[in-house]
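Residue numbers (this note's numbering): 284 to 384.
What follows is the structure, given as structure tokens:
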């Protein structure tokens, strides 16, 4: 009698049968997330040089837009370009680190 009561108190509401679908669902979700990350990684790896060229073009467009004002002093334009280049390097480094995972 007492042992059965202890097991009954331990079991979640709805019994173990209710817990199994949640555990399976969580495992499937985890696998799907891992599969999505792996697929994204493979896509980025396959795009390699193309991805880098596209990103460089985008960063150049950002620099042009940010320094477009004819009244902006040339020294400030230079600093803005340097900052954007620094951000671009950080983004590239983080992308590469993510690909290594």
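Cβ atoms here follow ideal geometry from the backbone N, Cα and C, with glycine treated the same way.
- Less than 8 Å separates the beta-carbon of residue 334 from that of residue 327.
- Under the three-state reduction of DSSP output, residue 332 falls in the helix class.
- The distance from the Cβ of residue 365 to that of residue 345 is about 13 Å, inconsistent with a contact at the 8 Å cut-off.
- In the three-state DSSP reduction, residue 338 falls in the helix class (H, G or I).
- Rounded to the nearest whole angstrom, the C-alpha separation of residue 337 and residue 343 is 10 Å.
- The alpha carbon of residue 377 has as its nearest neighbour, out of 315, 324 and 308, the alpha carbon of 324.
- Our two residues, residue 318 and residue 363, have alpha carbons roughly 39 Å apart in a direct line.
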